[in-house]
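Residue numbers (the working numbering), protein chains in the order written: chain A, 482 to 782; chain B, 2 to 294. Below is one structure, written out as structure tokens; comments come after it.
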Amino acid sequence: MDYKAPVESYSGSVREVTIGQGSKAVKIGGESKLAYNFFDEGSIPNPPRFALEVRDTEPDNWAPWVLEPYKDVVSDPVKWAQKCVEYGAEMVCLRLASTDPVGKDASPKEAAEAVKKVADAVSVPLIVYGSGDDKKDAEVLPEVAATCSGQNLLLGPALKENYEVIAKAAQEHGHTVIAQTPLDINLMKELNIKLSKTFPPERVVIDPLSSGLGYGMEYSFTIMERTKHTGVMFKDAMTQMPIIADLAEECWKTKEAKASKEQGILWESMTALSLLLAGANIVVLRHPETLGLVREILKQE
Amino acid sequence: MILIGESIHIISKGVSAAVKERNKKPIQDLAVAQTEAGAHYLDLNMGPARKNPEETAEWLVKTVQEVTDLPLSIDTLNPVAMEAGLKACTKARPLLNSASGRTDSKEEMLPLAKKYNTDVVISVLTDRGCPPDVDSRVESIMDTVAYANELGIPNEDIWVDPILLPVSADQKQVLEALEFAKILSDILPGIKSTIGLSNLSNGTPEELRGILNRTYMTMLGRYGFYSAIADVLDQELVRLNRGDLPQIVDVIHRAMDEEDLDISSLSQQERKYVKTVSTLLGRTLYSHSWLED
């Protein structure tokens, strides 16, 4: 008897979200089947997008081999961002480390002006992460939203503690929001429901937190996979947002990545490939060689 | 369903302090309140009772028996406290809560049920923890019940506890417990059953716990489930259990049967129950905002 491979088709799909404005606009999500399930019915209209990471202050504890590609530009976020684009990044992920209240504690205004300069200088969409301090981000991100009004940045993290003020500013100034919850699918859905009461779900991207390989990556994998299952297979409207895998910091802070260049790049690549298989729509990387390696592997799909 | 009032619980600060100080009043107030609310049994949870287990158990049972005639469920994992508590029950046949498939429980708890001729709760727990699915729950309970039968405890005296985990922690386990409840009377004829109902809503915001508990109780009731350890101070729960709210029971049953139940003609309250059924059956992913989903 001939073997006939079963073909699945699903009734749900991930929302298509646009980041950036005009010629910079990039679409993510929109898939109506699971990642890399090329054998099933449905479509994946937009491939996963890769961002490289930029900091608004000079990093102090990066391994030399991850600092090396950026060594001439680390003191200037604009040049750093342009370098990322040269390296082939489809988006730039700017991290406002300077605003951390336990660090430099830069003012919202300073940070917002720096963001504006970067946003204007690069030809790709900009992702902006605050320091993660919920109170400070509630001041910084609305200021960024206003200063870069109309540029459709991807702004976050919006947390359960501060999503209202961030969403309001993003709504007023035409940006997209990253909804972040701590590795818990139930809390993730909860935040999406609350956010969607006042904010269009078509402008939300989920950050379920990405752990590095060997440091809990399987938790991130499971949550991303389940998010896609509930959204695509079971049509749960509150899990149908695209996912961002912000994994660079989690990989490069491991002792393995700090031990050697080769190991660091493999660590970041393996984490990225795994989370892509789980369904990540945006992957934030740090080393340009990781970007090259992951792309090379995906080409052989 | 037989309702076992859960409020006298050592985790409650008031109860813990009252037990420590041997202060009867707060305990007796809870006993009276639950009796008046319609409880059929009162659970006396004394935790591990490490200090003076015998004296504590005896004091607690006597204190409660001074104000109520209801049968008591003696709830501790300490076999010394258990024996003292059972011995002190003079008004009605008590319930030993609980034994399980754990080796220590089989050896130390189950013989007490025989010795004092009590009803006994047997949970599906084993030395390996909580069985993860229906089949392993069945395997565990068949084994433990057979062991109890050999000791001379008949099925009619055994109340099986499927172990209910919080829906906010593990939604799938809620469904597994329900599926187990569905087949229980087929695999063990004559057996009774009970469940720690409020554990379902542990971790859920306080004001939303009731509807989860009430809905699940009604779902279990549909399968002939015998009893629940529950918050009898929730008036709607007691009324629902007593049959005073037949339209709610009906809507819960319909929601169980029809995944795409048309809710447009339903009242606000009925819709909440339908959404809760859908969450408890795992049709939609749980979040604390399930009623707004």
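The beta-carbon is built from N, C-alpha and C at its ideal position, and this holds for glycine as well.
First and last residue of the uninterrupted beta strand (DSSP E) at P638/A: 635 to 639
Beta carbon proximity, I704/A to chain B, threshold 8 Å: no
Own chain, CB closer than 8 Å to V605/A, minus 5 neighbours either side, in chain order: G501, K505, V507, V566, A570, E571, M572, V573
3 or more residues per run - each beta strand (DSSP E) lying fully within the segment 52 to 124 of chain B: 73 to 77, 96 to 100, 120 to 124
Chain B within 8 Å of I674/A, Cβ atoms only: yes
Y610/A in three-state terms, based on DSSP: strand
Neighbour list for K641/A in chain B, Cβ cutoff strictly below 8 Å: In chain order: nothing, as chain B lies at least about 10 Å away.
Inter-residue CB distance, E512/A and V488/A (contact presumed, cutoff 8 Å): That belief does not hold up - the Cβ atoms of E512/A and V488/A are roughly 16 Å apart, past 8 Å.
Under 7 Å from the C-beta of M719/A: neighbouring residues of chain B: D294
Rounded C-alpha distance that separates K709/A from Q721/A: 7 Å
Per-residue burial, P49/B [other beta carbons within 10 Å of its own, 16 or more giving buried]: exposed
Closer than 7 Å at the beta carbon, the chain A residues around Y287/B: N667
Short CB-CB distance (under 8 Å) between K670/A and chain B: yes
Residue-level contact to chain B via CB, T711/A, 8 Å cutoff: yes
Reduced DSSP secondary structure (H/G/I, E/B, other) of A34/B: helix
S290/B at chain A interface by Cβ criterion, 8 Å: yes
S279/B at chain A interface by Cβ criterion, 8 Å: no
Against chain A: residues of the segment 257 to 275 of chain B by CB proximity under 8 Å: none
A58/B versus A182/B: straight-line alpha-carbon distance, rounded: 31 Å
Expected contact under 8 Å - CB spacing of L31/B and S17/B to nearest Å: Wrong, their Cβ atoms sit about 12 Å apart, outside the cutoff.
Every unbroken alpha helix (DSSP H) inside the segment 161 to 189 of chain B [4 residues or more]: 172 to 188
Residue environment, R776/A, which counts as buried when at least 16 other CB atoms sit within 10 Å: exposed
Positions along the segment 162 to 189 of chain B whose CB lies within less than 7 Å of some CB in chain A: S169
Sequence-distant residues of the same chain with beta carbon closer than 8 Å to T205/B, five excluded per side: P167, V168, S169, L213, H289
Where D665/A sits in the DSSP three-state scheme: coil
Alpha carbon of S691/A to alpha carbon of A592/A, nearest angstrom: 25 Å
Sufficient close CB pairs (3 or more, under 8 Å) joining the segment 237 to 248 of chain B to the segment 619 to 633 of chain A: no
Same chain, Cβ closer than 7 Å to E539/A, neighbours up to 5 away in sequence not counted: V555, S556
Length of the line joining the Cα atoms of L152/B and L238/B: 37 Å
Bridge partner(s) assigned by DSSP for F531/A: V764/A
Coil, strand or helix - C131/B by DSSP: coil
Helix, strand or coil at K508/A [DSSP, three-state]: strand
Start and end residues, beta strand (DSSP E) containing E497/A: 497 to 500
S101/B versus E642/A - alpha carbon distance: 42 Å
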